[in-house]
Amino acid sequence: MNASAAALALALLVAFGLFGRQAWRLYRRVREGKPTSRFDDLPSRARAEAVVVVGQSKLLQRLGPGLMHAVIFWGFIVLFPTIVIAMIGAVDPHATLPWLGAQGWYALLVDVFAVGVLAGVVAAYAIRLGQRPKRFAGSHLAEANLILAWIGGIVISLLLWHSSQIALGLNDYPREWAPVSNLISGALHGDWVAVLERAAVWVHVLLILGFLVYLPYSKHLHILVAAINVFFTRTRRRGRLEPIDFEQPEADVRFGAATPRDLTWKQLLDTMSCTECGRCQDVCPAYNTGKELSPKLLIMALRDQVRAESTAALVRRRPRVQSVGQAAGGPHRLGGWPRRARTAAGRAAARCAVLGWLRAGV
Ligand code: SF4
């Protein structure tokens, strides 16, 4: 085994070890939820996966942000094999994935979608930093910006690697099929291009492995969980209440939700799938009339409590924090809340809404 192969093996071991550890923890958290049946009606579940996840149907209801998100997501699917290709290339610059690594049409797709993802990242920044929609109030904006920069770094390092490969004649695909990389390669001359080729492929691989590790520990867990959550969506008619199990021993019967373990495993998964997009907050009649409840902050607060592995009560007897409105300086204030205010707002929202659940006995 050469030094590059040993370094890659070590990086993979560390990355998958850290990822697996947190993924297992989260899986255990979800399994602690109450049972609910979500393995029936497989054709409807497969259809939801195709339409909502692959087709991005819900996000495309808002054309601008939807298209931006869809291009990044589709780019992720198309570029997925380049992860394996890059790992092979990191070990041996003269090797590639059999068949696919030498296909011109795939090189073209990679170039097109790499540029598309970069455009999507720029559009996302323009929306977040330029437009600053109200629906992002209370979301983890700094972390979302970091993730966008990370995605941008992954795609830029991929394009730089392909360009330097072409400049060095290491490409297995016809260079004309990769117009963007070919164009950049025209500007690369000299001995340093060989260094750039090694640096770009390793930066690319390490950024991907770092991203894999970071996601399950971050607030943007939805990137990993959302597709799974869509599969377990409710396929029955909406609004139907779950039947009460009268066979259960009376001591085990609990109404409402006082701790995360009073939620079903699907409800726990729902909290981890929140993208913090704020669309629910945008259309919430209570929030829009200046009331304390923000459905987004409720879900975010629940997610934080579930992730903290806490069995503490979701509802405290005496409120210790200020209301959403007080904490945020009014529910319509634009994004960029201070961390302390966001935490307080989230707790207040959780308390407010969970009290509602309890009163309703849902
Ligand atoms: S719960 Fe609200 S903020 Fe979270 S993903 Fe759903 S609509 Fe967006």
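Here the sequence shown is numbered in this note's numbering, starting from 11 and rising by one per residue.
Ideal placement from N, C-alpha and C gives every residue a C-beta, glycine not left out.
Predicted, not measured: the structure shown is a model, and the values here were computed from it.
task = Under 6 Å from any heavy atom of the ligand SF4, by CB: list those residues in chain order, please.
result = 284, 285, 286, 287, 288, 289, 290, 305, 306, 309
inquiry  = I need the straight-line Cα distance from residue 223 to residue 29, nearest angstrom please.
reply    = In this structure, the CA atom of residue 223 is about 5 Å from the CA atom of residue 29.
query = Roughly how many angstroms lie between the CA atoms of residue 267 and residue 250, to the nearest whole one?
reply = 19 Å
inquiry  = So for residue 44, helix, strand or coil by DSSP?
reply    = If DSSP states are grouped into helix, strand and coil, residue 44 belongs with the strands.
Sufficient close CB pairs (3 or more, under 8 Å) joining the region 43-56 to the region 276-293 = Yes, the region 43-56 is in contact with the region 276-293.
key: As assigned by DSSP and simplified to three states, the class of residue 274   = strand
Helix, strand or coil at residue 140 according to DSSP, with G and I counted as helix = helix
Nearest to residue 106 (by Cα), restricted to the options 82, 91, 154 = 91
request  = Would you be able to state if there are at least three C-beta pairs under 8 Å between the region 129-138 and the region 199-209?
outcome  = Cβ pair count under 8 Å is below three, so no.
message = I want to know whether the region 143-157 touches the region 228-244 - three or more CB-CB distances under 8 Å.
response = yes
message = My output table needs one value for residue 14: the three-state DSSP class, helix, strand or coil.
response = helix
ask   = Should residue 242 and residue 48 be called a contact, given that it needs their Cβ atoms to be closer than 8 Å?
value = With respect to residue 48, residue 242 sits close: the two C-beta atoms are nearer than 8 Å.
message = Please state the DSSP three-state secondary structure of residue 297.
response = helix
Short Cβ contact (8 Å threshold) for residue 163 with residue 123 = no
request  = Provide the residue span of the alpha helix (DSSP H) that contains residue 110, from first to last.
outcome  = Per DSSP, residue 110 belongs to no alpha helix (DSSP H) and is neither H nor E.
query = For the alpha helix (DSSP H) that residue 287 lies in, which residues bound it at each end?
reply = No alpha helix (DSSP H) contains residue 287, which DSSP labels as neither H nor E.
query = Helix, strand or coil: which one does DSSP assign to residue 198?
reply = coil
request  = Tell me, to the nearest whole angstrom, how far the beta carbon of residue 103 is from that of residue 180; I am working on the premise that it is less than 8 Å.
outcome  = 6 Å
request  = Alpha carbon to alpha carbon, how far is residue 313 from residue 176? Give it in angstroms, no decimals.
outcome  = So the two alpha carbons sit approximately 46 Å from each other.
ask   = residue 29 by DSSP, collapsed to three states: which one?
value = helix
ask   = Out of 315, 292, 157, which has the shortest C-alpha to C-alpha gap to residue 144?
value = 292
inquiry  = DSSP three-state label for residue 239, please.
reply    = helix
task = Give me the Cα-Cα distance between residue 345 and residue 285, rounded to the nearest whole angstrom.
result = Per-residue confidence for residue 345 stands at a pLDDT of 33, beneath the threshold of 50, marking its modelled position as unreliable; the derived number appears in the next sentence. Using only the alpha carbons, I get a separation of about 15 Å.
Residue range of the alpha helix (DSSP H) that includes residue 155 = 151-178
query = Just to confirm, are residue 161 and residue 82 a CB contact at a threshold of 8 Å?
reply = yes
request  = Take residue 88 and list the residues in its own chain whose beta-carbon comes closer than 8 Å to its own, dropping the five residues that flank it on each side.
outcome  = 119, 120, 123
ask   = Closer than 7 Å: is that where the CB of residue 264 sits relative to any heavy atom of the ligand ZN?
value = No copy of the ligand ZN occurs in the structure displayed; its ligands are the ligand SF4 alone.
query = Are there 16 or more other CB atoms within 10 angstroms of the CB of residue 95, so buried, or fewer, so exposed?
reply = Residue 95 comes out buried.
query = In this structure, does DSSP put residue 253 in helix, strand or coil?
reply = Look at residue 253 here: in three-state DSSP terms it is coil, with no helix or strand label.
query = What is the DSSP secondary structure of residue 181, reduced to helix, strand or coil?
reply = coil
inquiry  = Just to confirm my understanding: we take residue 60, look at its own chain, exclude 5 residues before and 5 after, and list those with CB closer than 6 Å. What are they?
reply    = none
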